[in-house]
Ligand code: CAO
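Residue numbers (my numbering): 825 to 1243.
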């Protein structure tokens, strides 16, 4: 069942993944496993499949970009795992696979009759990996989507401006962020199995994954007990309450930073600029304020700390006269860390991202060419070749034959509605 392309070997050649995932968190994980070379068999409900196939469609009756951008390089089998025949086929799939990945609502697999104990009985080497919204506790039975995880994992309360409501971010840290944590857990379990010979449970809660990504905010929560957070925009004039406030554009790291406006003032004509201690002199030179390089009122990070807004205001007086790309070029020539705010249009058209395969054009038999984000993790010995997502049930017969089913059994399963 190896789907390695062009005969080149891949990192996860020989690993078979029984992919019971849907929507985004689970599929984002199994897509990366597929890009590493695993044979990912996506099990989908007959007739409907992953609900995202039909969500946010841009073309009538064609698998949505939501689906096609999260399910590349997989095979699709339709299987009703609640029917008797379907359960029998599912059991054979569990026997044949190394990893079962699922992100159903809590308890769904148990309700199908395939809890962890049953799975271990069928295949003791199986790694059984689940994403849920919350870990064990009061909320363990709740269904969770992206923004629920952002709110419950500490991201929303720390994102936005002091005088505004909590904000969710466009980065899908609850779904795809959890998916990346999930990949790490599954790979570790596969490595441990090489020695132990046994599978294990891998569980990632979306709340935990988001909190892990908000680690620096829990750092700041504890710093707050010892005085104001001096790099936050609330310092020195505003008040700090009991918990970490929203920090606007302030940098989460040890060096101050801010987003600054550029020419000609469009919605994304901004650049993020960081002032390292060694960056002060070149920055002041570039903006024509050499007089502030050695001025004791400005020269040290400590002197600037209580007037960061004024510092960035000075620099913005210069950035508004240049485009964000000009500022990027000039400041980088002086080793000043900065980054333009790039729109999705600019990212889609960026040649360097195309060259590295981070943005890839894929050909789909029904929709034609579309763009996707390729594998952001580059392995020198296991290059990724992005293949189109499967149509619903495209590989049902192929997979059943590989499991040893013959024509009559396949016809009977179809008649039965199991596939
Ligand atoms: N054969 C038979 N039944 C199937 C099936 C198949 N091939 N595939 C799915 N089903 C069934 C499930 O068993 C479940 O049935 P029960 O309710 O009887 O157990 C049913 O379809 C619906 O599954 P669900 O409850 O997971 O789906 P939902 O759309 O209602 O909820 C979601 C979606 C994402 C909220 C929920 O799955 C969840 O909380 N998952 C865990 C957290 C997560 O991953 N969230 C991220 C989603 S991306 O934003």
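All C-beta atoms in this analysis are idealised placements derived from N, C-alpha and C, irrespective of residue type, glycine included.
Open item on the list: In the DSSP output, what is residue 963 paired with across the bridge?
Closed with: The residue given as residue 963 occupies position 139 in the chain shown. BP columns for residue 963 are empty, so no partner.
- [ ] Check residue 1216 in the structure and name its three-state DSSP category.
- [x] Translated into the one-based positions of the chain shown, residue 1216 becomes position 392. Residue 1216: coil per DSSP, three-state reduction.
- [ ] Consider the C-beta atom of residue 875 and the heavy atoms of the ligand CAO; say whether any pair is separated by less than 7 Å.
- [x] As a first step, residue 875 must be located in the chain shown, where it is residue number 51. Under cutoff, so the answer is yes.
Open item on the list: Could you tell me the alpha carbon to alpha carbon distance between residue 1014 and residue 852, rounded to whole angstroms?
Closed with: As a first step, residue 1014 is located in the chain shown; it is residue number 190 there, counting from the start. As a first step, residue 852 is located in the chain shown; it is residue number 28 there, counting from the start. The alpha-carbon atoms of residue 1014 and residue 852 are separated by roughly 18 Å.
Task: Neighbourhood of residue 970 by C-beta, 6 Å cutoff - its chain only, sequence neighbours within 5 removed - done: Looking up residue 970 in the chain shown gives position 146. Here the set comprises 996, 998, 999.
- [ ] Ignore the nearest five residues each way along the sequence and tell me which others in residue 875's own chain have a CB closer than 8 Å to its CB.
- [x] As a working note, residue 875 is residue 51 in the chain shown. Contacts found: 846, 847.
TODO: Measuring alpha carbon to alpha carbon, tell me which of 849, 909, 1083 ends up nearest residue 1229.
DONE: Taking the first residue of the chain shown as position 1, residue 1229 is located at position 405. Here the closest residue by C-alpha is 909.
TODO: Answer with buried or exposed for residue 1193, where buried requires no fewer than 16 other C-beta atoms within 10 angstroms of its C-beta.
DONE: The count along the chain shown starts at 1 and reaches residue 1193 at position 369. Flag for residue 1193 reads exposed.
Task: Any non-hydrogen atom of the ligand CAO closer than 7 Å to residue 995 Cβ - done: Position 171 of the chain shown, counting from 1, holds the residue named residue 995. Incorrect: residue 995 has no Cβ contact closer than 7 Å to the ligand CAO.
Open item on the list: Quick check on this structure: which residue in 1085, 1157, 954, 1057 has the alpha carbon closest to the alpha carbon of residue 1075?
Closed with: Counted from its first residue, the chain shown places residue 1075 at position 251. That would be 1057, whose Cα lies nearest to the Cα of residue 1075.
Open item on the list: Less than 8 Å between the C-beta atoms of residue 937 and residue 956, yes or no?
Closed with: Counting from 1 along the chain shown, the entry for residue 937 is found at position 113. Counting from 1 along the chain shown, the entry for residue 956 is found at position 132. Not closer than 8 Å, so no.
TODO: Specify, as a first and last residue, the run of the alpha helix (DSSP H) that residue 1125 falls within.
DONE: Taking the first residue of the chain shown as position 1, residue 1125 is located at position 301. Residues 1125 to 1129.
Task: Own chain partners of residue 1101 with C-beta closer than 6 Å, once the 5 adjacent residues on each side are dropped - done: In the chain shown, residue 1101 corresponds to position 277, counting from 1. Correct list, in chain order: 1125.
Task: Proximity test, residue 936 beta-carbon vs the ligand CAO heavy atom, cut-off 7 Å - done: Counting from one through the chain shown, the residue named residue 936 turns up at place 112. Yes, the beta carbon of residue 936 sits closer than 7 Å to at least one heavy atom of the ligand CAO.
Task: Expected contact under 8 Å - CB spacing of residue 899 and residue 865 to nearest Å - done: Here residue 899 corresponds to residue number 75 of the chain shown, with the count starting at 1. Here residue 865 corresponds to residue number 41 of the chain shown, with the count starting at 1. The Cβ separation is near 5 Å, so the contact holds.
- [ ] State the DSSP-derived secondary structure class of residue 1113, mapped to helix, strand or coil.
- [x] Residue mapping note: residue 1113 aligns to position 289 of the chain shown, counting from 1. Residue state, collapsed to three classes: coil.
TODO: Hey, could you find the ends of the alpha helix (DSSP H) residue 941 is sitting in?
DONE: Here residue 941 corresponds to residue number 117 of the chain shown, with the count starting at 1. Residues 940 to 946.
Open item on the list: Taking the alpha carbon of residue 1006 as the reference point, which residue from 1137, 1040, 849 has its own alpha carbon closest?
Closed with: Start at 1 with the first residue of the chain shown, and residue 1006 comes out as number 182. Comparing Cα positions, the closest option is 849.
TODO: State the beta-bridge partners of residue 1094 as determined by DSSP.
DONE: Residue mapping note: residue 1094 aligns to position 270 of the chain shown, counting from 1. Paired residue(s): 1085.
- [ ] Taking residue 1149 as the reference, give the member of 902, 993, 1130, 1170 with the closest Cα.
- [x] For the purposes of this step, residue 1149 is taken as the residue at position 325 of the chain shown. When each option's Cα is compared against that of residue 1149, the closest is 1170.
- [ ] Determine which residues share a DSSP beta bridge with residue 1192 and list them.
- [x] For the purposes of this step, residue 1192 is taken as residue 368 along the chain shown, with counting starting at 1. BP columns for residue 1192 point to 1188.
Open item on the list: Going by DSSP in three states, residue 1175 sits in which element: helix, strand or coil?
Closed with: For the purposes of this step, residue 1175 is identified with residue 351 of the chain shown, where counting begins at 1. In the structure shown, residue 1175 sits in a helix (DSSP, three-state: H, G or I).
Task: Among 1198, 1168, 1163, 904, the one whose alpha carbon lies nearest that of residue 1178 - done: Counted from its first residue, the chain shown places residue 1178 at position 354. The shortest C-alpha separation from residue 1178 is found at 1198.
- [ ] Using the Cα positions of residue 951 and residue 842, report the straight-line distance between them to the nearest angstrom.
- [x] By one-based count along the chain shown, residue 951 stands at place 127. By one-based count along the chain shown, residue 842 stands at place 18. Each residue's alpha carbon lies about 10 Å from the other.
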